[in-house]
Amino acid sequence: MVSPNSQELFIQGLTRDGKTFRPSDWAERLAGVMSQFRPGGARPGSHLSYSPWCIPTTLNGTKCVVLHADLREHEPMAWDFVINFAKDNDLQIAEACLLPDVPPKGSAGGA
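Residue 184 is where the sequence shown starts when you use the working numbering, and the numbers rise one by one after that.
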């Protein structure tokens, strides 16, 4: 069950029994479909980048989609679509927080 207070969910490319979900580009495909749902709505060319509310990534070698709660607030049907995709495919969902990358020490802007 997804907590209504969650700000970010990670939909992992692993089924509940630990099998890798296929096809291998599922996260990019799902995020591509969701690209039109973004702050300010769809604009010309917005299909060329991912929405900040639905981001494909890889964590520990596992494909994931990071789903932000703002999608739920602005487009509840789109949120339900992604959540139901995960449920229908028996994918693992984890409540978490995606942290920004930390620049390596000694690089411009680093400590």
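We put the beta carbon where it would ideally sit given N, CA and C, even for glycine.
CB contact check: residue i to chain D, cutoff 7 Å
i: Leu254; result: This model lacks chain D altogether; it includes just one protein chain.
Continuous beta strand (DSSP E) stretch holding residue i: start and end
i: Pro239; result: 237 to 242
Start and end residues, alpha helix (DSSP H) containing residue i
i: Ala252; result: 252 to 257
i: Arg226; result: First-last for Arg226: undefined, no H or E at that position.
i: Arg221; result: No alpha helix (DSSP H) contains Arg221, which DSSP labels as neither H nor E.
i: Gly215; result: 209 to 216
Span separating the alpha-carbon of residue i from that of residue j
i: Val216; j: Pro239; result: 11 Å
i: Gly223; j: Leu254; result: 12 Å
i: Lys202; j: Ala214; result: 21 Å
i: Ile194; j: Arg226; result: 26 Å
i: Gln190; j: Trp236; result: 10 Å
i: Thr241; j: Ser207; result: 11 Å
i: Trp209; j: Glu256; result: 24 Å
i: Val248; j: Met260; result: 17 Å
i: Val265; j: Ala277; result: 14 Å
i: Leu274; j: Trp262; result: 15 Å
Paired residues, beta bridge with residue i - DSSP
i: Ile276; result: Ile194
i: Lys288; result: None, per the DSSP bridge assignment.
Where residue i falls: helix, strand or coil (DSSP)
i: Lys270; result: helix
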